[in-house]
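Asks: One structure is given below, represented as structure tokens, and several questions about it will come after.
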Amino acid sequence: MRKLLFINALFLSAILVCPALEAQEKSTNDQAREFYQHGISLFEKGDAKAAAEAFREAYRMRPSWKILFNIGQCEAAAGRYGLAMEAFQQYLVEGRDDIPVDRKDYVLNEIKRLEPLIGELRVNAPDGSSVFVDGVERGKTPLLKPVLVVAGAEHEAVVVFENEQILREKFSVWGGKSIVLKAEKKPEPEPAPEPVVEPEPEKEPEPVEEEPEDEEEAEKLDQTYFWVGLGSTVAFGAVTIGMYVLSGQKLDDVENDPDNTSLKDETDTVQKTGIAFMALTGAALVATGVLAAFTDWGMESEESDVSISVSPWAAADGGGLGIRGGFEL
């Protein structure tokens with residue numbers, strides 16, 4: 001391989017040394033020759049990547065299709081197979097029939113070897129955008145052909161349009177496959193609207209806070225409820241007394257006629273009724289006491305449309321409490 005590079009150097013020297021060139025061209029040729037020789041030196045030292053960059057600079061200053069072969073060899077040795085493939089393909093296009101048969105066969109075999117190791121990158125971006133892959137510029141959009149990259153490895157694509165980076169993205173692609181990245185120019189932000197100064201509203205008089213009124217005391221009950229409760233208590237008590245008196249009479253009758261079963265049953269009924277009314281009297285008395293505690297004794301009694309009367313009643317076979325009431329409409 002190094003022998004081939006040396007042969008290329010001889011070819012380049014023959015091209016660069018031309019007595020008919022002007023002084024400016026001679027200076028350019030000298031610089032190109034220096035880069036070329038530097039590339040050979042770097043390659044011999046094992047720095048294939050730096051050697052490829054030196055050969056690219058020589059090609060930029062003085063394009064020669066023969067240098068593309070050296071670039072392809074260096075890129076392949078550096079593991080940048082996509083760049084190597086592009087250099088070899090360009091070498092075949094530019095060299096055409098001038099390429100020796102053995103050299104052409106060598107390049108075709110290299111291309112065949114590299115094909116499964118390479119994937120394709122396609123970039124959709126505004127025309128004139130510069131496409132960089134892993135820090136190397138690979139062309140401007142619209143790209144005439146896909147960018148070739150090493151398959152299975154992670155790469156970074158950067159697209160620059162009008163000195164503005166519009167895409168930076170990491171990607172990877174399988175051998176023989178392709179991937180498409182889209183880059184769009186960011187829309188320019190709309191100018192912020194001018195602030196509108198609104199007139200200050202007239203100040204309204206601040207409302208005067210009214211002092212909170214003292215909470216009213218709990219509402220008291222009308223005296224009517226107390227008197228109804230008291231009347232009920234008296235009525236229940238009266239029935240209880242009546243039942244007690246009646247029970248005494250029945251007991252006397254039972255003593256005089258102990259064999260009278262019906263009389264004994266009546267006596268039991270009167271006694272039970274008396275006990276029940278005694279319990280009612282006690283409950284009514286407690287309720288009346290509670291009503292008395294919540295009654296407003298200073299309230300003047302208003303004329304009421306409700307009339308209620310309570311009256312006890314008793315008979316030989318029982319007793320009870322009668323309540324009558326009415327509403328005036």
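The opening position of the sequence shown corresponds to residue 1 in the numbering used here, with each subsequent residue numbered one higher. All residues carry an ideal CB built from backbone N, CA and C; glycine is no exception.
(1) Looking at C-alpha atoms only, which residue of Val286, Lys250, Glu266 and Pro258 is the closest neighbour of glycine 237?
(2) Below 8 Å on the Cβ atoms is my contact criterion, and I expect methionine 61 with phenylalanine 35 to pass it. Report the Cβ-Cβ distance as a whole number of Å.
(3) Could you work out which residue in Leu230, Lys250 and Gly248 is closest to alanine 283 when comparing CA atoms only?
(4) Only counting the same chain, and skipping five residues up and downstream in sequence, which positions put a Cβ closer than 7 Å to that of alanine 151?
(5) Which residue from Val158, Thr281 and Met243 puts its Cα closest to that of threonine 269?
(6) Taking all protein chains shown into account, decide if asparagine 29 is buried (16 or more other Cβ within 10 angstroms of its Cβ) or exposed.
(7) Exposed or buried, which one is asparagine 70 when buried takes at least 16 other CB atoms within 10 Å?
(8) For methionine 278, which residues of its own chain have a beta-carbon under 6 Å away from its beta-carbon, when the five flanking residues on both sides are left out?
(9) Count the other CB atoms within 10 Å of the CB of glutamine 165; is the residue buried (16 or more) or exposed (fewer)?
(10) From glycine 139 to glutamate 44, what distance separates their C-alpha atoms?
(11) Is the distance from the Cβ of valine 147 to the Cβ of leucine 121 below 7 Å?
(12) Taking the alpha helix (DSSP H) that isoleucine 111 belongs to, which residues open and close that run?
(13) Bridge partners for alanine 120 per DSSP, in chain order?
(14) Keeping to the same chain, check which residues put their C-beta closer than 6 Å to that of alanine 76; ignore five residues upstream and five downstream.
(15) Alpha carbons only, please: which of Gln271, Cys74, Asp257 and Tyr106 is nearest the one belonging to serine 41?
(16) Can you tell me whether DSSP reads valine 173 as helix, strand or coil?
(17) Using CA coordinates, which residue listed in Lys26, Glu137, Ser27 and Glu53 is at the minimum distance from glycine 39?
(18) If distances are taken between C-alpha atoms only, which option among Asp259, Gly289 and Glu162 comes closest to tryptophan 227?
(19) Going by the beta-carbon positions, is the gap between valine 149 and glycine 82 smaller than 7 Å?
(20) How is arginine 168 classed by DSSP in three states: helix, strand or coil?
(21) Just list the residues that DSSP pairs alanine 157 with in beta bridges.
(22) For threonine 233, is the classification buried or exposed, using 16 other Cβ atoms within 10 angstroms of its Cβ as the cut-off for buried?
(23) Count the other CB atoms, across all protein chains shown, that sit within 10 Å of the CB of glutamate 86; report buried if there are 16 or more and exposed otherwise.
(24) Report all residues from its chain with a CB closer than 6 Å to the CB of glutamate 216; omit the five preceding and five following residues, and keep chain order.
(25) In angstroms with no decimal places, state the Cα-to-Cα distance between asparagine 163 and valine 123.
Replies: A quick look at the data gives this:
(1) Numbered from its first residue, the sequence shown carries residue 237 at position 237. Residue nearest to glycine 237 within the set Val286, Lys250, Glu266 and Pro258 is Val286 (criterion: CA-CA distance).
(2) By one-based count along the sequence shown, residue 61 stands at place 61. By one-based count along the sequence shown, residue 35 stands at place 35. Contact flag correct, Cβ pair sits at about 7 Å.
(3) Position 283 of the sequence shown holds residue 283. Closest by alpha carbon: Leu230.
(4) Taking the sequence shown and counting its residues from 1, the one referred to as residue 151 is at position 151. Taking alanine 151 as the centre and dropping the five residues before and after it, the same chain places the C-beta of Leu117, Ile118, Gly119, Val173, Trp174 and Gly175 closer than 7 Å to its C-beta, in chain order.
(5) Here residue 269 refers to the residue found at position 269 of the sequence shown. Of all alpha-carbon atoms in Val158, Thr281 and Met243, the one lying nearest the alpha-carbon of threonine 269 is that of Met243.
(6) On the sequence shown, residue 29 is found 29 positions in, with the first residue counted as 1. Taking all protein chains shown into account, asparagine 29 has 16 or more neighbouring C-beta atoms within 10 Å of its C-beta and is therefore buried.
(7) The residue labelled residue 70 in the question sits at position 70 within the sequence shown. So asparagine 70 counts as buried.
(8) Mapped onto the sequence shown, residue 278 falls at position 278. Contacts found: Thr240.
(9) Here residue 165 refers to the residue found at position 165 of the sequence shown. With a threshold of 16 other beta carbon atoms within 10 Å, glutamine 165 falls short and is exposed.
(10) One-based indexing of the sequence shown puts residue 139 at position 139. One-based indexing of the sequence shown puts residue 44 at position 44. Cα-Cα distance, rounded: 29 Å.
(11) Locating residue 147 in the sequence shown gives position 147, counting from the first residue. Locating residue 121 in the sequence shown gives position 121, counting from the first residue. Judged by beta-carbon spacing, leucine 121 lies within the 7 Å limit of valine 147, meaning their Cβ atoms are closer than that value.
(12) Residue mapping note: residue 111 aligns to position 111 of the sequence shown, counting from 1. Judged by DSSP secondary structure, isoleucine 111 falls within the alpha helix (DSSP H) whose first and last residues are 101 to 114.
(13) The residue labelled residue 120 in the question sits at position 120 within the sequence shown. Looking at the sequence shown, residue 120 is not alanine but glutamate. Paired residues: Leu148 and Ser178.
(14) Within the sequence shown, residue 76 is the residue found at index 76, counting from 1. So the qualifying residues of the chain are Ala84.
(15) The residue labelled residue 41 in the question sits at position 41 within the sequence shown. Residue Cys74 is the option with its Cα nearest to serine 41.
(16) As a working note, residue 173 is residue 173 in the sequence shown. Three-state result, valine 173: coil.
(17) By one-based count along the sequence shown, residue 39 stands at place 39. Closest option to glycine 39, Cα to Cα, is Glu53.
(18) Along the sequence shown, read from residue 1 onward, the residue named residue 227 stands at position 227. For tryptophan 227, the nearest C-alpha among the options comes from Gly289.
(19) One-based indexing of the sequence shown puts residue 149 at position 149. One-based indexing of the sequence shown puts residue 82 at position 82. Contact: yes.
(20) Position 168 of the sequence shown, counted from the first residue, corresponds to residue 168. When DSSP states are grouped into helix, strand and coil, arginine 168 belongs to the strand group.
(21) On the sequence shown, residue 157 is found 157 positions in, with the first residue counted as 1. Paired residues: Val133 and Glu169.
(22) As a working mapping, residue 233 is identified with position 233 in the sequence shown. By the neighbour-count rule (16 or more Cβ atoms within 10 Å), threonine 233 is buried.
(23) Numbered from its first residue, the sequence shown carries residue 86 at position 86. By the neighbour-count rule (16 or more Cβ atoms within 10 Å), glutamate 86 is buried.
(24) On the sequence shown, residue 216 is found 216 positions in, with the first residue counted as 1. Its pLDDT being 49, under 50, glutamate 216 is placed unreliably in this model, and the coordinates cannot settle the point.
(25) In the sequence shown, counting from the first residue as 1, residue 163 sits at position 163. In the sequence shown, counting from the first residue as 1, residue 123 sits at position 123. One C-alpha to the other measures close to 17 Å.
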